Each structure stands twice: as structure tokens, then as C-alpha cells.
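J.: Going down the list, the sequences are from chains C and E.
Anchor point for the first sequence: position 175 equals 175 in this note's numbering, and the numbering is continuous, going up by one each time.
Anchor point for the second sequence: position 9 equals 483 in this note's numbering, and the numbering is continuous, going up by one each time.
Mind having a look at this structure? Questions to follow.
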Amino acid sequence: MNLFLFLPETVLLAAIVILLCLTLAKKDYGTPVLGFFLPALGAILVLASFSSLPHSGNLFSNAYRVDPLAQGFKCLIALSFFFTAILNQNRLSIPFDREIEYGIFLLSATLGMMMMTGAVDLLALYVSMELSSYSLYLLASLRQDRRSPEAGVKYLIFGAAASGVFLWGASLVTGLSGTTSLLEISGKVPVLIWQPAFSLGLVFASFAFLFKLSGFPLHFWAPDVYESAPTPVTNFIATASKATAVAILIRFFMLTGIPGVFIAALGALAFVSMTLGNTVALVQQDVKRLLAYSSIAQAGYILTGLLAGSFAGYSSSFFYAFAYVLMNTGAFLVTSVVAKTANHDNPRLSDFDGLAERSPFLALLLLLSLLSLAGIPPLVGFTGKWILFSAAMDKGHWFLVLWGVLNSVVSLFYYLTLVKHAYLEKPVVSAPIAVSGGTRWLGLFLIIGLIALGLFPNAFITFAQQAILKGAAL
Amino acid sequence: MSPFPILSAILLCPVAGLILVLLTPRKFETAIKFLSLLAASGTLVLSIILCKIFNTADPGFQFVEHLEWIKSYGIHYSNAVDGLNVSLILLTAIVIFCGILVSWRVTYRVKDFFANMLFLVSGVFGVFMTTNLFFFFLFYEIAVIPMYLLIVIWGSTNKQYAAMKLTLYLLLGSALMFAGFLYMYSLPEARTFDLLTLKQNVHFSPPIQNILFLGLFLGFGVLAACFPFHVWSPDGHVAAPTAASMLHAGVLMKLGAYGILRVAVTLLPEGARHWAGLIAVLSLCNIVYGALVATQQKDLKYIIGYSSVSHMGIVLLGIATMTTVGFNGALFQMFAHGIMTALFFACVGFIYDGCHTRMADELGGLSKQAPMISTFFILAGLCGLGLPGMGSFVAELLVTIAAVGTYPMIGITSITALLITAFYVLTAVQKAFYGPVNPHHADFKDLDWLQFVPRAVLVGCLIFFGIFPSVFLNWVSLSTKILLGG
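Next comes the structure, spelled out in C-alpha cells:
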């Protein structure tokens, strides 16, 4: 067995074991673990993921397929983990005595997500999905106040229901095709697709992934969880979890195809997601909630690309997932620092007042991240949206594209409102905001990434296309 | 490929200026201003050189630059000039040069201000020179977003409302463009965003031409302040700081009209003919309605704002005639109006800084107190009402000739609107600059030499092109012929 195929996962497993041992120690290692161990591990994980990028093959009796698609998304998840580990510097509402547990669940969630990107067996898929989901449920309810458990339970119940629907769908698919391997199912699709039960099974199975993407109608958890989770966790859910959802949707749709009726249904869901997310975001005062509704709208954009069901659609979704991680991390980085300064973990719009005077650097990062989310050039979100929508347009979904762009204009209203608070309003406290070293470097990296990838996307687009090509070849 | 990529050099000047300004520490304000001025002078010099070496005998694209960008999507970084855009590049260079000089007196967040100005103008240059729809859109939005910040941070008079309104309107317009561009790309024979390839390879069927043209026209029309989508423009002009108003009314609105010619008319000539009547009617609304509203305004900036709406109507009317003369007139009007409004806003901004009011009634007698600024304003006003010898006279004449030929009723009505223009311009001039001096602003000082230069440059351009219109017409006329398939 080629170790490179499983290198990032091995690193994560080893780290989990180390942390489990640390919990047994009498002395509390929470601070060094979060302050040093996790960022260092994040760096190692990113290195491991990138170094294993060229390798591909099948593992564990073909339940696990490591190809450029999986490897690419693993890199993306590793990056989100690394970013989150750095944001931990600004943590506010993670209880001191749970810091190591927090680390463990973060690692296990990452492990689950990485395995999801490579899983090509329905059972392996289910197990890795639950591993990441349960870790996230726990992470979301870590905060010690009354709202947090509520959000955790909401997340759990919705998640469990989504898993149930997935299992039902998976059982239909398995029952009709006689195998749990997606690779084998893929070969039988042309015959089985005429059976309504099979199509229904595929639709149900993909519903669980829609839950992860927080697309309508499975979006209800997002605002509460975003709001009540500690900010680094929110960042992790908003980036890594969404990227995984895109990965698995690409993989699943690519292997099984999208049943014709389902395309129309997905189009309707994308339509509602965009509209609902953007309109509700207009009236939000809590920034994390606002970003949650923005993510529901973004799920609509991504679905628009995915439902094209074409080579261009998948590769541009991959590109957009990467863009999405960068710009959301930027927004959450600023949110976490502002939360830390305001000393409560739910910053409101008014907490951003005068940010441009208190820290021009953070204000710039916020501006770029939000404009990128709104799809304004020359940032990466623009390029991503351009190729995403051009894939949808190719398949004749002109109405969704038009609606999507009009929605971007609506979204600009609330993004600009936040920008206005940062640049225009007078601050209540005018003391400069100190940005610690790691956060500053990450911010700089994000600013450069947002602009550079927006202007020079060719290499990455080519990579995404290669990954999709190789992922499609059985 | 020309030996020296002069177009990229023109674009790179403000970009390099922007980067240098961003790298300069905030406290070196004078250095930042000089860097910006240097960048603006660089583009101005290069643009003048471009106009000098521009070959008026060649109707096609010149100085073509081409670079693969995103290969799989048919996106190239490609620039070129022909008669349509050579004058607009010059216009942009002149206005930014004067805008930077006019902004010399900015004291609040100097670094951010100049960075935004340079960023904005990079976008404008990009739109004017690119021949790829992807970059067209990219630069277009780059030109819009800094405007929001410029208005919201340095603006006045209801600035938050105006800034948000402007941004949302303009991006709404761009949403239609976006969908239109992607639709063109998605056609099987297209698969590229390159304007020339699209023109050569793709023949759009008549119904598609009609729908696409309408969409693109509405998209561009928002920026060109076409009635009834003009409502953002007076508010935006009034709220913006002086230099931003200059750029905005002077250059940014021209992006819309340029887009109509460069993209919509070039690619969809039959669609353009189909909707020409509608455009003519809308443009007449612009001309008459803008002028009528301007007569009712007290604030000098609002008067200019509505006069811009009226004057952009003349540009649109020229396009609607679908004749060479009309196109020439429209392009000339774009140029002349750009210079003229920039001059208007430069004057009003100076008066507002000194007197702290822009109400025509509250000023009074400025011509005795500050003869130079008054002269400049009055010259701009005379240009606005189409005095012979000024740039816009020729432009309006050409458009009117073409319009009377194509749409007699509309053409004749538009002439009467000129009388309204004369009425409101002269009324404003009389109230603000003649009559008794208002003691409230007795200490108002006239221009110093630094503030004199940019306004003098603008007036010089107006008069130069008013006396030698053939210089301008030589640039454009061959290319506009090609546009009509001649």
C-alpha cells in the first residue's frame, strides 16, 4: 500500500491518539495544544496533503478511491483546518477545561471529511459522514450558554434526519443494484435509472449532502449553529464542511449522473436557496447569522453550477469551493478578532463601527472578503462565479443564471452595509486593535490569495479540470 | 503586436501608481499626492502619444495586444484601439489628470482617497481598451466599486443613500450584461469571449438579436443614465466628492454609451435597428425631462447632474439614428460632455469648498469676487448650451442633423430642448455669479495657480476641439462606418 494515499489521514489519526493521551495527564495542556500543537499540526497536514497530491489509487477493497479530485479536496480541507487552528488564537467562548477535547473533535471532524472525499462505497461514505457530523455536533455545542446546546440539538436532529434519509436512499440503491460500491453502481446506472425507486434512492442519498451544503430546504440549522458556535468552529463549519459537501456532491453526481427530473428540482432548490438566503440576510444584525444566510445563498450558486452536470460545471464548482474557503475565512477572521475585542462571541454590525480607523488592515481584509463573496472583480469570487454560471448557461439554465446575478446585486446590499459600518461609522472605542502574529500572516495570505487567484486563475482552473477528468475516468 | 505595448502601458500607469500609493506610509501625504499625479501625468502623456501615432486611415483595430489568460474559457487579455475608443482613452487621461490636481486639497484619509481614484481609473481605462468581454466586465465592475467608497467616505449631502443607490443600480445593469455575455459564450459556435472572434464567427438569429440587444442595452443604459434608469445619477453626482463627480459624470457614464456601441451594436446590428425607435424615444425623454428638471433645481450640483442626464440623451439619440453622422456626433458628444461636466464639477466643488453652499440663490455676485472661477463656470455653461466654437456645439449639431433625418419629430423636439438648456444655464449663472455680493462668503478666495491649471486644461480642450472638430472626426469616422457594415 502506498503510504501517500493515506498520509493526511494517518497524520490526523496519530494526532488524535496524542491528544487522547494528553487528556489522561493530570496537568492541563489546553493552552499549548491550541496555541502551538494545532497550528503546527495544521501546517504538517497541509504539507502532507500537498505532497501526496500526485498519487492516486484505490484502498481498502476499493471502498476508498484516492484520485486528484479527492486529493485536491483534501488539500482544501487541510487548509481550512490550518486556518481554523490559527483562528483559535482569537477564541473566546471555548471553555478552558474542554480545550483538548475541542482539539480532538476538530481533528476527528477533519478526518471524517477527508475520508468522505475519497469514499466510493455507500457504507464507507456513511461512516465517514457520521464521523465528521457527530464531531461537528459536539463542537457546535461547546459554548457554555443557553443558546449553544439548543443550536447543537437542532443541528443533531436535522443531521440525524438527513442521515436517516440518506440510509433509506442508500438501501434502495443497494437493494436494486446489489452492491454498495458506487463504482459498480455507476456501471449499472444506465439500466437501473428507469426504475423510479432507483432514482428516488439517488435523490434521497444526495439530500444528506444538501444538508451539509445548507441548501434549502435543509438550511434551518445553519443560522442557529453559525450564531451559537464558537467563532473558530463556525469558520470550520463554514469552510471545511461546505468544501466537503461540494466534493461529495461532485463525486456522487459524477458517478451516478443526475436523474432528469432531479435537475429541475435542484434548479428550484437553488432558486429558493439564493432568494431566501439573500433576502433574510438583509435584515440581520448579528454578523455570524448574516454570514450564515449568505452561505445559504452561496449554496444556491454552487448548486446552479453542479446541476449543469457537466465537466465544466463540476470543475468550476471545485474552483468555487476553493474560492469559498478563502473568502469565508477572511470574513470570519475579521469577525473573530472583532469578537475578541468586543469580548462577546456574537459581534453585531455595530461592533464593526470604525474598524477602518482601528485597524485598516482588518478593514481591508473584510472589504475584500465580502466583495469577493458578492462576486466583485478582480477577486476570486468573481472568477469563480463567472465560470460557475457559464457552465450553467451552457446547459441552458439562463433563468437561474440571471436570477443568480440579480441575487448577487441584492447580496451586495448587506455586504456593503457591513463595509459601511467598518469604514464610515465612528467607533465607540477608538483604541487600535492589536492583531496577533499568526492572524496577521493569515490575513495577509488571504488578501494576496483573493486577488492573485482572481486575476490569475488559469493554473488552478486547469488543475480542477484535470481532477474532474481523472475522477470521471473509472 | 506593436513593438511597445502602449495600451498596457497606459493601463499600467494608474495600476503602478496604486501599488506605490498603497506601499507609501499614510503620513507622507504629499508624497502620495505626487505619486498619483505622476501616474496621471504618465497616462496623459502616453494617451497624447497614442492619439498622435493613431492611424486615421485604418478603420480596424490598431496597437493590438494579445495574451492567453484562461485558455479553456476563451478568455484573453487583449487590447486594441480604433476610432471608437481612442478619444475616450484621451478623455479619461485628461479627466484623471485634472481630477488629481483638483483633489490636491483633500485632507481626510489622503492615502485611501488617491488609492481609490487610481483604482477607479484603472478600471475605466481597462474597459475602454479591452476587446474581451470577460475583461470588459471585470474592468467595468472595478470602475464601479471604488465609487461607492469615494462617495460614502468623502461625499456630502445624503451620501449613504446616494452611494448605495448608485452601486445597486449600476450592478443591476451589470447583471444583465453578465447574463448576456455568458449567453453569447454558451453558443456552440462561439466558445470565446473575444469580441472579434464573436463578430466573425457567430451570426445571431434575428429573435435572439432582439432579445440580447434589449438586455445589453438595458444593462449599459443604466450606466449611460438612460431614462428611466437615470435616477441614480443626479443623486450620485451630488453626493460624490469633486474629483469623483468629475470622473463619474465625465467618464464613467460614457462607459455605458461606449458599451452600447462597442458590444451591443457591433455584435447585434439587427437587434440595434429593431430597437432604434425605442432608444430614440427614451433618449428624447432624457433630453427634455433632464432639462425640465434642471430648471427646477436650486443646488448647482443638481443642475449639472440633470443637465448630464439631458446631455447623455443626446449621445443616445445619436446612437439611435444608426447613421455614421449620428455615431460621430454621439462620440463627439461623449468626449465634449466628458470634458465639460468635469469642468462644471471642478468649478462647483471649488465654490462649495469656499462658500460652503451650492445653492444658486445663496451665492450671488461671485464674478466680482472671484473672476477666474466664475469665468470657468460660465465657459462650461456656454459649452453646455451649445455655443458655436465650443466642443459640444459640433457634437449637438451632428446629432441633430442625423436625428432630423431619421426621426423628424424627435429631432425637432430635441432642438427645442436646447432652449430649455439655455434657460437654466443662464439663470443659474445669473443668480450665482451676478447681482449683489452675498456677505456670508465675503472671504471667498479665487483660484490659486495650482487650482487654475486643471480647469484651464479642460477649457483649453473644449475650445480646441470646438475650433478644430475635424481632428476628432478624423479619428472616429472610418470606424463608425465599419460599425454600420460599410
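Note that the Cβ used here is the ideal one computed from N, Cα and C, for glycine as well.
Everything numeric in this text was worked out from a predicted model, so none of it was measured.
1) When we look at the beta-carbon of Val580 of chain E and count the other beta-carbons within 10 Å, is it buried (16 or more) or exposed?
2) Tell me the DSSP secondary structure of Tyr908 of chain E in three-state form.
3) Rounding to the nearest angstrom, what Cα-Cα distance links Met475 of chain E and His540 of chain E in this structure?
4) Might you give, ordered along the chain, the residues of its own chain that have their beta carbon closer than 8 Å to the beta carbon of Ser482 of chain E, omitting 5 neighbours on each side?
5) Let me know if Gly959 of chain E comes out buried or exposed under the rule of 16 or more other beta-carbons within 10 Å of its beta-carbon.
6) Taking all protein chains shown into account, decide if Cys829 of chain E is buried (16 or more other Cβ within 10 angstroms of its Cβ) or exposed.
7) Determine the burial state of Gln904 of chain E: buried for a count of at least 16 other Cβ atoms within 10 Å of its Cβ, exposed for fewer.
8) Which residues bound the beta strand (DSSP E) around Glu836 of chain E?
9) Taking CB distances under 8 Å as the criterion, tell me whether Met638 of chain E reaches chain C.
10) Classify Trp386 of chain C as buried or exposed, calling it buried when 16 or more other Cβ atoms lie within 10 Å of its own Cβ.
11) Would you be able to state if there are at least three C-beta pairs under 8 Å between the stretch 706–718 of chain E and the stretch 658–666 of chain E?
12) Between the stretch 616–630 of chain E and chain C, which residues of the former have a C-beta closer than 8 Å to a C-beta of the latter?
13) Beta-carbon within less than 6 Å of Asn328 of chain C's beta-carbon, same chain only, minus the 5 sequence neighbours each way: which residues are those?
14) One question on the structure: do Phe6 of chain C and Leu47 of chain C come within less than 8 Å of each other, judged by their Cβ atoms?
15) Are the CB atoms of Gly201 of chain C and Val233 of chain C within a distance shorter than 8 Å?
16) Start and end of the beta strand (DSSP E) containing Tyr547 of chain E?
17) Nearest by alpha-carbon distance to Ala804 of chain E: which of E:Ser848, E:Glu870 and E:Gly940 is it?
18) Please decide whether Ser719 of chain E counts as near chain C, where near means a Cβ-Cβ distance under 8 Å.
19) Is there at least one Cβ from chain E nearer than 8 Å to Pro457 of chain C's Cβ?
20) Anyone know if the C-beta pair for Thr895 of chain E and Ser784 of chain E falls short of 8 Å?
21) Going along the chain, which residues of its own chain have a beta-carbon closer than 6 Å to the beta-carbon of Cys421 of chain E, five neighbours each way excluded?
22) What does the Cβ neighbour count give for Phe478 of chain E, buried or exposed, with the cut at 16 atoms within 10 Å?
23) With a CB to CB cut of under 7 Å and the five nearest residues on each side skipped, what residues in its chain are close to Arg547 of chain C?
24) Count the other C-beta atoms from every protein chain shown that fall within 10 angstroms of the C-beta of Gly534 of chain E, then say buried if there are 16 or more, exposed otherwise.
25) On the three-state DSSP scale, how would you describe Glu542 of chain E?
26) For chain E, check one thing: does any of its Cβ atoms lie closer than 8 Å to the Cβ of Phe105 of chain C?
27) Take Phe907 of chain E and list the residues in its own chain whose beta-carbon comes closer than 6 Å to its own, dropping the five residues that flank it on each side.
28) Please go through the same chain and pick out, in chain order, the residues whose beta-carbon is closer than 8 Å to the beta-carbon of Leu266 of chain C, but skip the five residues on each side of it.
29) What do you reckon, are the CB atoms on Phe207 of chain C and Leu192 of chain C nearer than 8 Å?
30) Verify the CB distance criterion: does Met327 of chain C have a CB-CB separation below 8 Å to chain E?
31) Quick one: which chain E residues come within Cβ less than 9 Å of Trp398 of chain C?
32) When you compare only the Cα positions, how much space is there between Gln925 of chain E and Val755 of chain E?
33) Look at the alpha carbon of Leu156 of chain C and the alpha carbon of Asp353 of chain C, and state the distance between them as a whole number of angstroms.
34) Kindly list the residues whose CB is nearer than 6 Å to the CB of Leu53 of chain C, restricted to its own chain and excluding five residues on each side of it in sequence; keep chain order.
35) Can you find a C-beta in chain E that's less than 8 Å from the C-beta of Phe252 of chain C?
36) Taking the straight line between their C-alpha atoms, what separation do you get for Ser436 of chain C and Pro68 of chain C?
T.: Based on what the coordinates show:
1) Buried, because 16 or more other Cβ atoms sit within 10 Å of the Cβ of Val580 of chain E.
2) coil
3) Confidence is the limiting factor: at Met475 of chain E the pLDDT is only 46, short of 50, which leaves the residue's position unreliable, though a coordinate-based value still follows. Their backbone Cα atoms lie some 8 Å apart in a straight line.
4) Glu539 and Asn553
5) It is exposed - the Cβ of Gly959 of chain E has fewer than 16 other Cβ atoms within 10 Å.
6) buried
7) Counting C-beta atoms within 10 angstroms of its own C-beta, Gln904 of chain E has fewer than 16 neighbours from the protein chains shown and is therefore classed as exposed.
8) Careful: Glu836 of chain E lies outside any beta strand (DSSP E) and carries neither H nor E.
9) yes
10) buried
11) no
12) Answer set for the stretch 616–630 of chain E: Ile616, Ile619, Tyr622, Leu623, Val626 and Ile627.
13) Excluding sequence neighbours, Asn328 of chain C sits near Ala238 and Thr239.
14) no
15) no
16) Run containing Tyr547 of chain E: none; DSSP gives neither H nor E here.
17) E:Glu870
18) No, Ser719 of chain E does not count as interfacial toward chain C.
19) yes
20) yes
21) In the structure as shown, chain E begins at 475 and stops at 960. Residue 421 of chain E is therefore absent and cannot be evaluated.
22) exposed
23) The displayed coordinates of chain C run from 1 to 474. Any statement about residue 547 of chain C would go beyond what the structure contains.
24) exposed
25) strand
26) With 8 Å as the cut-off, Phe105 of chain C does not count as an interface residue toward chain E.
27) Leu840, Ser841 and Ser848
28) Closer than 8 Å at the Cβ level, and outside the excluded window around Leu266 of chain C, lie Ile258, Leu303, Leu306 and Leu307.
29) no
30) no
31) Ala653, Leu656, Tyr657 and Ser660
32) Spanning the two alpha carbons is a distance of roughly 41 Å.
33) 35 Å
34) Gln71
35) No, no contact with chain E.
36) 35 Å
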